[in-house]
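Residue numbers (the working numbering): 88 to 349.
Right under this line is the structure:
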């Protein structure tokens, strides 16, 4: 990630400045996400001084080397490359040494050279990013699913058995939705024991939201009436009833506005 930072900044003809790559300025946020803080401030303050860009970019490379060395040694006071040799791979030691000798014959030439050296490691990082992205997508799908079912539940809550109207839930679409509400949430066993089956609820709500053609048998609480309706028809009932409720609410608000204030 630090190599990507240098490549992005240097490709625009700019420099990060070594002070911004000190351990106190590089932040670790989220899950192994590296961010460089305070970029651009020193550049804005010294924009008119005509500094050597190549020198500044070389200092960036060396600053990254020092940062890696401090992290490897666990100290910023007196980090030692010799101390790291017994604890880290030769590949890591070679990269740090080349960064510390940037622009020299044995060192890193520029940010592009650094990213090419890190190429094999980039594929490992890419695999981890794909795994992490798959995890995020999975969580997002769950939230979208939850939000979709919540909207349906809210509509059913607004529609079913509204107070102030004796025949609202006993006729037409609203009666079907009342029976559907009982079918989803008020199921009982043959002995009359409530069935608290979350799977049944989620399955019915998903079918209702999707409007599948599958049909369901609905029965009133006193078992005096039985109706067969498809989830597609019931979904239309939800949309029509909710639209009627919105229209009625709008009309009532308009009527109240037209009434004279005493």
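Ideal placement from N, C-alpha and C gives every residue a C-beta, glycine not left out.
So is residue i buried or exposed if we call it buried at 16+ other beta carbons inside 10 Å?
i	result
residue 280	exposed
residue 104	buried
residue 152	buried
residue 195	buried
residue 277	exposed
residue 97	buried
residue 221	exposed
residue 149	buried
residue 345	exposed
residue 338	exposed
residue 113	buried
residue 146	buried
residue 52	Any property of residue 52 remains undetermined from this structure, which presents the chain solely from 88 to 349.
Report the residue from the options whose alpha carbon sits nearest the alpha carbon of residue i.
i	options	result
residue 241	283, 224 and 328	328
residue 93	139, 118 and 143	143
residue 335	306, 191, 249 and 302	249
residue 162	235, 305 and 109	109
residue 213	340, 91 and 343	91
residue 139	283, 102, 309 and 197	102
residue 257	307, 117 and 204	307
residue 164	342, 209, 347 and 111	111
Only counting the same chain, and skipping five residues up and downstream in sequence, which positions put a Cβ closer than 6 Å to that of residue i?
i	result
residue 324	260, 263 and 264
residue 300	317 and 319
residue 288	271
Got a sec? Which residues, its chain only, sit under 8 Å from residue i by beta carbon, not counting five neighbours each side?
i	result
residue 183	152, 155, 156, 159, 168 and 171
residue 315	302, 303, 304 and 305
residue 293	236
So, helix, strand or coil for residue i, using DSSP?
i	result
residue 123	strand
residue 347	coil
residue 110	coil
residue 143	helix
residue 323	helix
residue 202	helix
residue 281	strand
residue 315	strand
residue 299	coil
residue 132	helix
Enumerate in chain order the residues of its own chain whose CB-to-CB distance from residue i is below 7 Å, with the five nearest sequence positions on each side excluded.
i	result
residue 88	121
residue 273	none
Touching by the beta-carbon criterion (3+ pairs, under 8 Å), the stretch 317 to 326 and the stretch 255 to 264: yes
Segment contact, 8 Å Cβ cut-off, at least three pairs: the stretch 173 to 192 with the stretch 123 to 138: no
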